[in-house]
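Since the structure comes first, as structure tokens, the remarks are kept for the end.
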Amino acid sequence: MVSGFKPTWMVTNIYDLTPAQLKANGIKAVLTDLDNTLIAWNNPDGTPELRHWLTLLELAGIQVIVVSNNSRKRVDRAVAPFDLPYIHRALKPLTWGLKRALRRWHLQKSEVVMVGDQLLTDIWAANHSRIRSVLVRPILKSDAWITKGNRLLEKGVMWELRRRYPELTWQEDLNERTTH
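In the numbering used here, the protein residues as written are 2 to 181.
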């Protein structure tokens, strides 16, 4: 059961994913969680670093699509300045939102990666959609109230993952080693 939470990669920060690394892994689109992955949950305006990263991916022809459990209003407010497409109310850990993104943008599972900061939602949904996944550290150590319970459960899941898979470590990029 714990293997359903095992990410393909663990990278410290979403901004560490470079176009060259993504292309080397056949990735044409990044599906990404919103809160504490792409932006701080309490700062919907993003950062200059986010704008730079999005520009690099756009120039490389790599699409970024937000797949969030948040409401349309919340996601629209957060992604509007960046003109990013999105799926709201994705219902992660269910696979519905990821599959909807694949259909809407005519993507193959092999062409995408799901990036998120939560094992129990983002990584589980990716694994059960048969999509490669990247676990990133949350941008902030604090969370919205709705996420705090998940974080407690995740500590136990991560402990068990590391016990079973000692090779599962934080990386600075998508090097050739994967954890699957």
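Beta carbons: idealized from backbone N, C-alpha and C, even for Gly. Bear in mind that the values here come from a model prediction, so they are computed numbers and not experimental data.
- Under the 10 Å beta carbon count, Met-115 is surrounded by 16 or more other beta carbons and is classified as buried.
- Rounded to whole angstroms, Lys-110 and Gly-117 show a C-alpha spacing of 16 Å.
- Of the residues assessed, Glu-155 falls on the buried side of the cut-off, its CB having 16 or more other CB atoms within 10 angstroms.
- Just so you know, the alpha carbons of Arg-75 and Trp-97 end up roughly 19 Å apart.
- Collapsing the DSSP output to three states places Met-159 in a helix.
- Secondary structure at Gly-47: coil, using DSSP grouped into helix, strand and coil.
- When DSSP states are grouped into helix, strand and coil, Asp-34 belongs to the coil group.
- Inter-segment contact for the region 88-105 and the region 53-65 is absent: fewer than three beta-carbon pairs are separated by less than 8 Å.
- Secondary structure of Ser-69 (DSSP, three-state): coil.
- Nearest neighbour of Met-2 by Cα position, chosen from Pro-167, Val-158, Asp-77, turns out to be Val-158.
- For Tyr-16, the secondary structure class from DSSP, reduced to helix, strand or coil, is helix.
- Secondary structure note for Ser-130: its alpha helix (DSSP H) is the uninterrupted segment 125-130.
- Counting along the chain, Arg-133 sits inside the beta strand (DSSP E) bounded by residues 133-137.
- Non-local beta-carbon contacts of Leu-58 in its own chain, meaning distances under 8 Å to residues more than five positions away in sequence, involve Pro-20, Leu-23, Val-31, Gln-64, Val-65 in chain order.
- Note on Pro-8: 16 or more other CB atoms within 10 angstroms of its CB, so buried under the neighbour-count rule.
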